[in-house]
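Chemist: First the structure, which I've put down as structure tokens, then a few questions once you've had a look.
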Amino acid sequence: TVIEKENLGGVCLNWGCIPTKALLKSAQVFDYIKHADDYGITVSDFDKDFSKVVQRSRSVADGMSKGVQFLMKKNK
1 TVIEKENLGG VCLNWGCIPT KALLKSAQVF DYIKHADDYG ITVSDFDKDF SKVVQRSRSV
61 ADGMSKGVQF LMKKNK
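Note that the working numbering numbers the sequence shown so that position 24 is 24, with each residue one more than the last.
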């Protein structure tokens, strides 16, 4: 028996760990770009769009939740 009040996967997958890790990955990529010159790579123009960062974070969590849903249906 599975009891979920909200989306499958619970707090960690939908609102906690996974979305947070996706946000951290975006920050890491931004930091890599900022320091690209240290690696001999010149990036002349870049910016951040926080709404897209959050959208990506939600998309990652939604995709994983759908994966859990698929596995639950497959293994009834």
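All C-beta atoms in this analysis are idealised placements derived from N, C-alpha and C, irrespective of residue type, glycine included.
Applying the criterion that 16 or more other CB atoms from any shown protein chain within 10 Å of the CB defines a buried residue, is L13 buried or exposed?
Modeler: L13 is buried by the Cβ-count criterion.
Chemist: Locate the alpha helix (DSSP H) running through G9, then write down its first and last residues.
Modeler: It is not in any alpha helix (DSSP H) - G9 carries neither H nor E in the DSSP assignment.
Chemist: Work out the CA separation of S57 and P19 for me, nearest whole Å.
Modeler: If I take the Cα positions, the gap works out to 5 angstroms.
Chemist: Use the C-beta contact count for G16: other C-beta atoms within 10 angstroms, 16 or more gives buried, fewer gives exposed.
Modeler: Burial call: exposed.
Chemist: Drop a sphere of 10 angstroms on the beta-carbon of S65, count the other beta-carbons inside from all chains shown, and report buried for 16 or more, exposed for fewer.
Modeler: Counting Cβ neighbours within 10 Å, S65 comes out buried, since at least 16 surround it.
Chemist: Mapping the DSSP letters down to three states, classify I41 as helix, strand or coil.
Modeler: Coil at I41, not helix or strand.
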